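Note that my numbering has the sequence shown beginning at 47, numbered continuously upward. By construction, the Cβ of each residue, glycine as well, lies at the ideal position given by its N, Cα and C atoms. Computed from a predicted model, the values in this text were never measured in an experiment.
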Amino acid sequence: MIYAIGDIHGQKQMMDHALDLIAQDGGDDAHIVFLGDYTDRGPDSAGVIDALIAGRDAGRNWTIIRGNHDRMFEYFVADGTCHDPAIKSGLSWLNTRLGGPQTLASYGIVPTGPAVFDIDDNGLEILRHLPTQDGDLTLEQLVTAAQKVVPQAHLDFLRDNPLMHRVDDLLFVHAGIRPGVPLDQQAEDDLIWIRDGWLDNSDDHGVLVVHGHTIVDQPTHFGNRIDLDNGAGKGHPLIPAVCDNGEWFILTDAGRAPIHRE
């Protein structure tokens with residue numbers, strides 16, 4: 047058996063509950079694949095990362111995949127990068143819709159209001175300042191503060207997690223794959239960001255792709271892929287899943303239930 051947990055987005059209590067459901071179903075040594083996006087939007091990104099590092103270092107049978115929000119957070123702390131070309135809206139990571147301020151708050155940089163932005167000629171949000179308990183902080187001041195409070199171990203964790211994990215005919219990845227491209231030639235940006243050309247593709251990829259990144263009303267089996275992002279970052283439940291002898295189920299407080307099929 048192998049278990050999977052979709053996008054956590056700082057929801058530490060939801061993650062703990064999902065892990066409890068897995069332990070009840072498969073025991074403490076169950077193989078669990080985490081599908082990325084541990085940070086942003088939810089209230090306790092720092093606590094999520096602490097717990098994942100602790101489990102990994104304790105030798106738990108966990109595989110922890112890198113997600114796009116994890117990379118955005120890492121890049122912000124490194125040099126203040128607030129935008130990714132994949133975000134066509136021009137939103138800054140410091141916009142609460144993407145969830146950067148919530149992540150900073152979990153490390154003690156606590157906003158007292160929404161960020162104030164200017165919009166540049168390319169339609170990008172450019173931070174003027176973020177009101178915090180320590181005053182109105184500019185981008186440079188925020189980066190300096192983050193570099194002081196975010197542990198290097200957290201940044202190493204976010205950077206070093208693998209982009210995919212294959213077990214037999216299952217491929218676990220954050221967002222998906224580029225159809226028609228060999229698995230060993232997939233681009234990182236596709237693995238953590240892809241939607242266009244992927245979500246509407248019905249090809250047999252030679253593996254069943256298990257991913258998150260794109261919110262669905264409930265974990266869903268689309269034939270060639272399974273989407274496990276149930277929207278925890280927006281306050282919806284975090285629902286773990288299990289593959290047992292080729293059959294997929296979600297785990298609930300009432301036990302297993304067959305995963306929804308399209």
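With DSSP as the reference, identify every bridge partner of residue 178, one or two as the case may be. Counted from its first residue, the sequence shown places residue 178 at position 132. 157, 181.
Compare the Cα-Cα distances from residue 144 to each of 125, 117, 166 and report the closest residue. For this step, residue 144 is matched to residue 98 along the sequence shown. Of the listed residues, the one whose Cα sits closest to residue 144 is 117.
Alpha-carbon spacing of residue 301 relative to residue 262, whole angstroms: As a working note, residue 301 is residue 255 in the sequence shown. As a working note, residue 262 is residue 216 in the sequence shown. So the two alpha carbons sit approximately 21 Å from each other.
To which residues of the same chain is residue 92 closer than 6 Å at the C-beta, ignoring the five residues directly before and after it? Locating residue 92 in the sequence shown gives position 46, where the first residue counts as 1. 152, 153, listed in sequence order.
Answer yes or no: do residue 308 and residue 266 have a C-beta to C-beta separation smaller than 8 Å? Here the question's residue 308 lines up with position 262 in the sequence shown. Here the question's residue 266 lines up with position 220 in the sequence shown. Cβ distance < 8 Å, so residue 308 and residue 266 count as in contact.
With a threshold of 7 Å (Cβ to nearest heavy atom), would residue 147 be considered close to the ligand GTP? Of the ligands one can find in the structure shown there are none, so the ligand GTP has no counterpart to examine.
Cβ atoms of residue 204 and residue 122: under 8 Å apart, would you say? Here residue 122 is taken as the residue at index 76 of the sequence shown, counted from 1. Here residue 204 is taken as the residue at index 158 of the sequence shown, counted from 1. It is not a contact, given that the beta carbons lie outside the stated cut-off.
Exposure label - residue 59; buried when at least 16 CB within 10 Å: Translated into positions along the sequence shown, residue 59 becomes position 13. Classification for residue 59: exposed.
Could you tell me whether the segment 166-179 touches the segment 123-142, using the rule of 3 or more Cβ pairs below 8 Å? yes
Spatial neighbours of residue 146 within its chain, please: CB distance less than 6 Å, with the 5 preceding and 5 following residues excluded, ordered by chain position. Position 100 of the sequence shown, counting from 1, holds the residue named residue 146. Hits under 6 Å: 139, 140.
Continuous beta strand (DSSP E) stretch holding residue 74: start and end: If you number the sequence shown from 1, residue 74 lands on position 28. For residue 74, there is no enclosing beta strand (DSSP E), as DSSP gives it neither H nor E.
In terms of DSSP beta bridges, what is residue 304 paired with? The sequence position of residue 304 within the sequence shown is 258, counting from 1. Residue 304 is bridged to 295.
Quick one: Cα of residue 80 to Cα of residue 109, how far? For the purposes of this step, residue 80 is taken as residue 34 along the sequence shown, with counting starting at 1. For the purposes of this step, residue 109 is taken as residue 63 along the sequence shown, with counting starting at 1. For the pair residue 80 and residue 109, the Cα-to-Cα distance works out to about 6 Å.
Just to confirm, are residue 272 and residue 254 a CB contact at a threshold of 8 Å? For the purposes of this step, residue 272 is taken as the residue at position 226 of the sequence shown. For the purposes of this step, residue 254 is taken as the residue at position 208 of the sequence shown. It is a contact, given that the beta carbons lie within the stated cut-off.
When the Cα of residue 182 is compared with those of 199, 196, 159, 200, which residue comes out closest? The residue given as residue 182 occupies position 136 in the sequence shown. Closest option to residue 182, Cα to Cα, is 159.
Within the chosen definition, does the segment 222-230 reach the segment 179-195 through at least 3 CB pairs nearer than 8 Å? Flag = no, the segment 222-230 and the segment 179-195 do not touch.
Residue range of the unbroken alpha helix (DSSP H) whose run includes residue 122: As a position in the sequence shown, residue 122 is number 76, starting the count at 1. That run of the alpha helix (DSSP H) goes 114-125.
Using C-beta distances below 6 Å, list every residue in its chain close to residue 291, excluding the 5 sequence neighbours before and after it, in chain order. Numbered from its first residue, the sequence shown carries residue 291 at position 245. Correct list: empty, nothing qualifies.
How should residue 61 be labelled, buried or exposed, when 16 other C-beta atoms within 10 angstroms of its C-beta is the threshold for buried? The residue labelled residue 61 in the question sits at position 15 within the sequence shown. Buried, since its Cβ has 16 or more Cβ neighbours within 10 Å.
For residue 295 and residue 50, believed in contact at Cβ under 8 Å, the rounded distance: Taking the sequence shown and counting its residues from 1, one reaches residue 50 at position 4. Taking the sequence shown and counting its residues from 1, one reaches residue 295 at position 249. About 11 Å separates the two Cβ atoms, so there is no contact after all.
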